[in-house]
Structure formats: C-alpha cells, structure tokens
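All remarks here apply to the structure that follows.
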Amino acid sequence: AEAATGMQFDATLSGRPVRFHSADDARDAQALTDLREAYGRAGFDRVDFMNEPEAAALANRAALQPGDLGLVVDIGGGTSDFTLFRQRGNEEIDILGSHGIRLGGTDFDRSLSIGRVMPQLGMGSEIRHAFGGDTHLAPNAIFNDLATWAKIPFLYGPDTRKAAAELHKFAEHPKRLARLIKVLEEELGHDLAFAVEAGKNRANGAGAEGDADPVIDVSMLKPRATLPLPRDWMRKRLSKLAEQIGTAAVATLNHAGIEPAAVDRLIFVGGSSLMEVVEAALRARFPRAELHRGAALTAIVEGLALSSAQAGRR
Numbered sequence: 056a057e058a059a060t061g062m063q064f065d066a067t068l069s070g071r072p073v074r075f076h077s078a079d080d081a082r083d084a085q086a087l088t089d090l091r092e093a094y095g096r097a098g099f100d101r102v103d104f105m106n107e108p109e110a111a112a113l114a115n116r117a118a119l120q121p122g123d124l125g126l127v128v129d130i131g132g133g134t135s136d137f138t139l140f141r142q143r144g145n146e147e148i149d150i151l152g153s154h155g156i157r158l159g160g161t162d163f164d165r166s167l168s169i170g171r172v173m174p175q176l177g178m179g180s181e182i183r184h185a186f187g188g189d190t191h192l193a194p195n196a197i198f199n200d201l202a203t204w205a206k207i208p209f210l211y212g213p214d215t216r217k218a219a220a221e222l223h224k225f226a227e228h229p230k231r232l233a234r235l236i237k238v239l240e241e242e243l244g245h246d247l248a249f250a251v252e253a254g255k256n257r258a259n260g261a262g263a264e265g266d267a268d269p270v271i272d273v274s275m276l277k278p279r280a281t282l283p284l285p286r287d288w289m290r291k292r293l294s295k296l297a298e299q300i301g302t303a304a305v306a307t308l309n310h311a312g313i314e315p316a317a318v319d320r321l322i323f324v325g326g327s328s329l330m331e332v333v334e335a336a337l338r339a340r341f342p343r344a345e346l347h348r349g350a351a352l353t354a355i356v357e358g359l360a361l362s363s364a365q366a367g368r369r
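Numbering (the working numbering), first residue to last: 56 to 369.
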C-alpha cells in the first residue's frame, strides 16, 4: 500500500476472529497479544481490531430492510464466527451480539483426509510385533498430525521418519507404509492437504445427477492416482462438524435473548460457508430466514474499509 500510494501508514484497523480459542480465555487473550505484536513489528504504531463478522455485517447492510435482523455466518479456515445485527436504515447497523468457535474449513479437510487419504498411507494397518506372531494397529498420532495443516511441518524430522521406517518393516501391508515414507521424505504433506481441499470443493460444487463422483488427486504419490470422494459420503462425514456450527449460531442468538424465528436474513461469508452441509445445518435452525451470499471472500475487508471511512468522517 505504501509503494502504491507513496504514503506512510502507521495505524491500521485489523479484522480478528471473535474467538481465537473456543474455551481457553488465556490462550485467546495471548493470541490477540501476539497479533498486536506482529503489527508492531511490521511498523504500525497503533492497531485497532474489529470482529470479522461485524465487518461483514457492515458490508452487507444493504441486503436487509430497515428494522430487519441479520445473522452473519462467517466460516473461515480455522474459526466460525457469527454476528447478530439490526439494520437501522441510515447506512448504520446495531450489533446485538457476536460469538465464535475454533472450527473451520481446515477441520473439514482434516476429517476428509483421515477418512480417505490416511488409510492409503497405512492408518489402521496391522503391524507385526518384532517378536512373536501378534499384531497391533499402527499408531494414529502420525496420521492425525499429517492430516492437520498446522502440524505437518513438524513431521519431517529424523525421529518421525525412523518411526515410519519401523512401521513399514513390520507392516502386514508394506505398500501403504511405503507411501507414508515417501510423503515424509519428499515433504508432500501440504501437497496432500491442498489435494484434499480441492477434492472437497469439487464434491461440494458437483450437483448434477449422473455426474461422476469427484476424486482426490493423489498423483504426487503415484502418477494419475486418484481416490474417490463420493458426495453422499462427504456430507455424512462432515455433518457433525456442520452441526457444531449450527449450534454455535443459535448460541449467538441465545446470548442476545433473540429467538431464531426472528432472524430475517442469513448472510454467508468466508470460503467454507459455501459448503452444502453448512447451509443445511443453518437452514434447519433458521427456517424463516432468507439466505444471502454476498462477496464471500471480500466482505470482511470491505467492511473494515467502510468502518475506517466512517471513523474518518466523525
């Protein structure tokens, strides 16, 4: 921005999740402290914060009639955030309540990866004991971490690679564990994560009956290799996570003393709000509300800009 405008900026308005951590106040406060420190290191003398769904509410205020109640459903990569607001009719809104949980799109991806990809790397495989004929299941920890975006880089050390080699040595199905070794040696964890996300998006967008079921492209493991990702299986797999999002949305209203039937419009923002299972969970809880999909990927930054402009006029 400074290069484009020739101006120097020392203050900013930043978006933030309502909750960085759902049930840990100390970690939640520390996350905000860390974010503020990051802005300071970037050269900002002053930083103010605005809850991201509140910014999205401001950006989408024209979607409501004066007096209407709107609920922003903001599903990002790591959090789900909600803001209940009323349209005042003069380009302003009243914020009635905001709420958030630590659950987002990467949790969807993790669930799909554990269900579809990790078994192909040896998750659930029988491992023979070094002595005797008994077997045990391969430990889940390495696979759970490999399916978790933030933990992937920590798996590339020698200890994890040694553990994978031991599993491969005694595996009943060594080909699967050989794939795990390949992922660790070639550091393909994030390639797999991107592939799962892409498969999820294709499965979510494929609605025409008779279309071939979408797949997860795992050609980084073997040329032209794919794994099926049936839409019905994906919906069932993700339904519990979507139900948690629906429950959190209702909790937002409970905090404000408002009944779900009073909501006139649901406003979906954030890339993961486009998931069919999320829409279904919200429709079931707010049957009277109309659905509005604004600029799902830009509403927050638009709202931050509007809020900054309003502050400048005061």
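For each residue, glycine too, the CB sits at the ideal point set by N, CA and C.
For I148, the beta-bridge partners assigned by DSSP are Q142. With respect to E109, I150 sits close: the two C-beta atoms are nearer than 8 Å.
With respect to E240, S180 sits apart: the two C-beta atoms are not nearer than 8 Å.
One Cα belongs to I313, the other to V324, and the distance between them is close to 22 Å. In the structure shown, D103 adopts extended strand secondary structure according to DSSP, grouped into three states.
When C-alpha distances from M105 are compared across A118, G98, L90, R96, the shortest belongs to L90. Closest in C-alpha terms to E252, from the list G133, F163, K230, comes F163. For E345, the enclosing beta strand (DSSP E) stretches over residues 345 to 348. Under the Cβ criterion (8 Å, minimum of three pairs), the stretch 342 to 358 does not count as touching the stretch 138 to 150. Taking every protein chain shown into account, the CB of A248 has 16 or more other CB atoms within 10 angstroms, so this residue is buried. According to the DSSP assignment, P213 belongs to the alpha helix (DSSP H) that extends over 213 to 224.
Comparing alpha-carbon positions, the option among V273, L293, L126, T215 lying closest to F198 turns out to be T215. In the structure shown, V73 adopts coil according to DSSP, grouped into three states.
Under the three-state reduction of DSSP, E57 is assigned to helix. Inclusion of V238 and L176 in the CB contact set at 8 Å is warranted, their separation being smaller than that value. When DSSP states are grouped into helix, strand and coil, A66 belongs to the strand group.
Contact check for A193 against L167 fails: the beta carbons are separated by 8 Å or more. Secondary structure at D162: helix, using DSSP grouped into helix, strand and coil. In the structure shown, G187 adopts coil according to DSSP, grouped into three states. Here the C-alpha atom of L126 lies approximately 12 Å from the C-alpha atom of A303. 8 Å or more divides the Cβ of N259 from the Cβ of L321. For a cut-off of 8 Å, the C-beta gap from L201 to L296 is around 19 Å, too long to register as a contact.
The closest CA to that of E107, considering only T138, F99, K277, is found on T138. The shortest C-alpha to C-alpha distance from P72 to any of R286, R279, G133 is the one to G133. Put simply, of N309, N145, E242 the residue whose alpha carbon is nearest the alpha carbon of W204 is E242. Under the DSSP assignment, V127 falls in the beta strand (DSSP E) whose first and last residues are 124 to 130. For the 8 Å CB-CB criterion, L68 and S362 form a contact. Relative to D189, the option among S77, D319, F225, G212 whose CA is nearest is F225. Distance check between D123 and each of V318, I355, Q365, V332 places V318 closest, using alpha-carbon atoms only. Counting the other CB atoms within 10 Å of its CB gives T60 a total below 16, which places it among the exposed residues. Cβ atoms of A351 and H154 stay farther apart than 8 Å, at about 20 Å. A straight-line Cα-Cα distance of about 24 Å links E357 and L337.
Spatial neighbours of A233 in its own chain (CB-CB distance under 7 Å, excluding positions within 5 residues in sequence) are listed in chain order as H223.
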